[in-house]
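Note that the protein sequences, when read in sequence, are chains A, B and C.
For the first sequence, numbering that gives the first Met the number 0 begins at 0 and goes up steadily by one.
For the second sequence, numbering that gives the first Met the number 0 begins at 0 and goes up steadily by one.
For the third sequence, numbering that gives the first Met the number 0 begins at 0 and goes up steadily by one.
Only one structure is covered here, and it is reproduced in the block below.
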Amino acid sequence: MSDIDLKQILEGALFASREPMSIYQMKKLFGDQKAPTEGMLREALACLADDYQGRAVSLIEVAGGFRFQVIDALAPYLANLTDEKPGRYSRATLETLAMIAYRQPVTRGEIEAVRGVAVNTQIVRTLEERGWITLVGHKEVPGRPALFATTTQFLNDFGLKSLEELPNAEDLIVTPSEDLLDQMDYQSE
Amino acid sequence: MSDIDLKQILEGALFASREPMSIYQMKKLFGDQKAPTEGMLREALACLADDYQGRAVSLIEVAGGFRFQVIDALAPYLANLTDEKPGRYSRATLETLAMIAYRQPVTRGEIEAVRGVAVNTQIVRTLEERGWITLVGHKEVPGRPALFATTTQFLNDFGLKSLEELPNAEDLIVTPSEDLLDQMDYQSE
Amino acid sequence: MITHVQGELPLALVEGSPLTQLPEDLYIPPDALEVILDAFEGPLDLLLYLIRRQNLDIIQINVAEITRQYMSYIAVLKAMRFELAAEYLVMAAMLAEIKSRALLPRPAGTEEDEEEDPRAELIRRLLEYETVKTSAEALDALSRVDRDFQIAEAQKPDIDGRTAAPTVDLSELVLAFGELLARARLSSAHQIEWEPLSTRQRMSDALMKLKDRSELTLSDLFVADEGKAGVVVSFLAILELVREGLCALIQARPGSQIYIRRVTGDV
């Protein structure tokens, strides 16, 4: 650990995490090393919260644990950034969502096997943040890959009562000719 | 604005955004109010970067703008939080990416000519979906092959401000002496 | 497979003479050859390896010697019936040509054009490839997002007029899946049968419930107003989850309550 201290480790981990961080997760940061006690963690957190007094972010405790939050006073400024038009999701994002909807619960590896391309973290993150997919567990195989499924919000947003209402995609397959496929490979969006 | 100063506004906005923030976007924070000049913004950013010296996050400038990132030294701790290993890329993928980064815009055929082996479609798609390369046009030769180039996201993800910051590969290999080169009539294009 | 125990049976013919043992500068055990071949990115990479192993400058290579070594590799690989990519054979042909040219006396008075000198061309290609190989390594050594560092982020305060997220039409989603299936069908020979969606949804529901509680009873998954069909779907979903190793069924003794449990505790 040498010149990195406990407070700094927690500070980095809290900023890297998109979800509030529990004491249990903080202990996990230390892997095989001896983890600090809850008392030590809380002391470091209190110290860290002090460091951020008067800054633009503050360390707060919420139900799921601790997280850094931008202070409310900045909301009017941040609101000025948000008048852009909604973008579009890439083909990769749509295909990943489709795979999760039709084949859930499914791991990233299984999606990759069908798509033939690595699924990047950003896509999964986008869909999670959108509230359409969620992690429902881990598959008990080496690496314990995360299992993803669609959410109730996904059904609501797509106007479905249940997954069974998803149209049968197999019926829609028109086998494209080879050169069409080649073109598809080259169309980036 | 009262008790909130420019530095604090930028600090909050930078922490609120996952994407690097450009000077243009920073000006947008001020909506209808008079926006600070680029000089004022850069001064506040320099001051902010100083505040974070020695902390767990640092303010970095990349191609897309400015962002806070967790310092590299904490990566081993953060890795303990997830079972999934961050993407490792095969040599074939990295060499293809390197060819595109250093020789852009470049066609697949040109990459193949240098590497001496076929570039498979999956590699190109993986890099496209990662958002690191994109199709920028077609070469006006028979067959009109696609031309690829790297993206701003590529620079952002590798922590670079511009292509000029790419490590200079020519410096990395043992260069034969000048007169030998003359004998060979060696020319790099 | 040719065994190389039989002393008299040559492994291969190299430049007309039988090769009865592996080349002595080939330090690799034969059964590792396939692995080694996988480690090379192509013929140029293999040639570079042969050159670098001798600490030679590419410019100064003795083409005849490198050709001999390369041919030995190829001969052994062919003799052992490894599937060789065509590129390796093309390179072998090119090396053979360079060597034969070197052996032929040059007709007097004909100045050989540098551009067409295959040796110079080979050296140019090797140098160029080495540059790419080195740049790829240098690129990989750069600090990279998600591998070496993470983006620092804090929760945003509540903002009115949040950016509208992109909307997706159901037909777009279905079309994307149809295309994906069509593509997957072309590239893979085998097809997998999947559970009907009703079962898969129930599987997700069960896992979702197991996120909050460590165990469920069977009746937790049955919804009264779904009737018999609902029970069947739930039952199939549980069987599928157990088969895929996603949860376990526990019963203390015959006839007692059956519990569905997560396979491990720390989710």
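Backbone N, C-alpha and C fix where the C-beta goes; we use that ideal spot for every residue, glycine too.
Bear in mind the structure is a predicted one, so any value in this text is a computation, not a measurement.
In this structure, G108(A) is the residue among L154(A), G108(A), D49(A) and E18(A) with its C-alpha nearest to the C-alpha of R143(A).
Put simply, the backbone Cα of D156(A) is about 11 Å away from that of T149(A).
Rounded to the nearest angstrom, the Cβ distance from T151(B) to A62(B) is 5 Å, consistent with a contact under 8 Å.
K26(A) has its alpha-carbon roughly 7 Å from the corresponding atom of P35(A). Of the residues A12(A), E164(A), V118(A) and N167(A), the one whose Cα lies closest to the Cα of A72(B) is A12(A). In this chain, the beta strand (DSSP E) harbouring L248(C) covers C246 to Q250. Scanning the region 20-53 of chain A for uninterrupted alpha helix (DSSP H) segments of 4 residues or longer gives 22-27 and 37-50, listed from N- to C-terminal end.
For A78(A), DSSP assigns no beta-bridge partner whatsoever. Around E94(B), the same chain offers R114 as residues with beta carbons nearer than 7 Å, after the five sequence neighbours per side are excluded. Pairing V123(A) with Q154(C) gives a Cβ-Cβ distance that is not under 9 Å.
The continuous stretches of alpha helix (DSSP H) do not include I59(A), which lies in the beta strand (DSSP E) extending over residues V56 to V61.
For the region 204-217 of chain C, no residue has a beta-carbon sitting nearer than 9 Å to a beta-carbon of chain B. Secondary structure in the region 69-134 of chain A: the alpha helix (DSSP H) runs of 4 residues or longer, each lying completely within the stretch, are 74-78, 90-102, 107-114 and 120-128 in chain order. About 35 Å separates the beta carbon of M39(B) from that of L77(B), a gap too long to meet the 8 Å contact definition. Contact of D147(C) with chain A is not assigned, every C-beta pair being separated by 9 Å or more.
Residue pairing by DSSP places I50(C) opposite no residue, since no beta bridge is assigned to it. When DSSP states are grouped into helix, strand and coil, Q154(C) belongs to the strand group. Chain A places a beta carbon closer than 9 Å to that of I158(C), counting this residue as a contact. Its chain contains G63 as the residues whose beta carbon lies nearer than 7 Å to that of E18(B), once the 5 sequence neighbours on both sides are disregarded; these appear in chain order.
Any Cβ of chain A closer than 9 Å to the Cβ of D49(B) would place that residue at the interface, and such an atom is absent.
Taking 9 Å as the cut-off, the Cβ atoms of F176(C) and A43(A) do not count as close. Residue L146(B) holds the alpha-carbon nearest to the alpha-carbon of G136(B) among L146(B), G130(B) and A15(B). Per DSSP, the beta-bridge partners of Y258(C) are T216(C) and I249(C). Under the Cβ criterion of 9 Å, G30(A) is not counted among the residues facing chain C.
Residues of chain A with a Cβ closer than 8 Å to the Cβ of F14(B) are, in chain order, F14, A55, V56, F67 and V69.
Sequence-distant Cβ neighbours of I249(C) in its own chain, meaning closer than 6 Å and more than five residues away, are Y258 and R260. Residues of chain A whose Cβ lies closer than 9 Å to the Cβ of S197(C) are, in chain order, S161, L162 and E163. Along the region 133-146 of chain A, the positions whose C-beta sits under 8 Å from a C-beta of chain B are H137, G142, R143, P144 and A145, read in chain order. The beta-bridge partner set that DSSP reports for R66(A) consists of I59(A).
Listed in chain order, the positions of the region 71-100 of chain A with a beta carbon within less than 7 Å of a beta carbon of chain B are A72, L73, Y76, L77, N79, L80 and A91. Contact of A151(C) with chain B by beta-carbon distance below 7 Å involves F14, V56, F67, Q68 and V69. As computed with DSSP, V144(C) is found in a beta bridge with F148(C). Your pair F14(B) and A55(A) checks out as a contact, with CB atoms roughly 7 Å apart and the cut at 8 Å.
For R107(A), no CB of chain C lies under 9 Å from its own CB, so it is not counted at the interface with that chain.
At a cut-off of 9 Å between C-beta atoms, G115(B) counts as an interface residue with respect to chain C. Closer than 9 Å to the CB of G158(B) there is at least one CB belonging to chain C.
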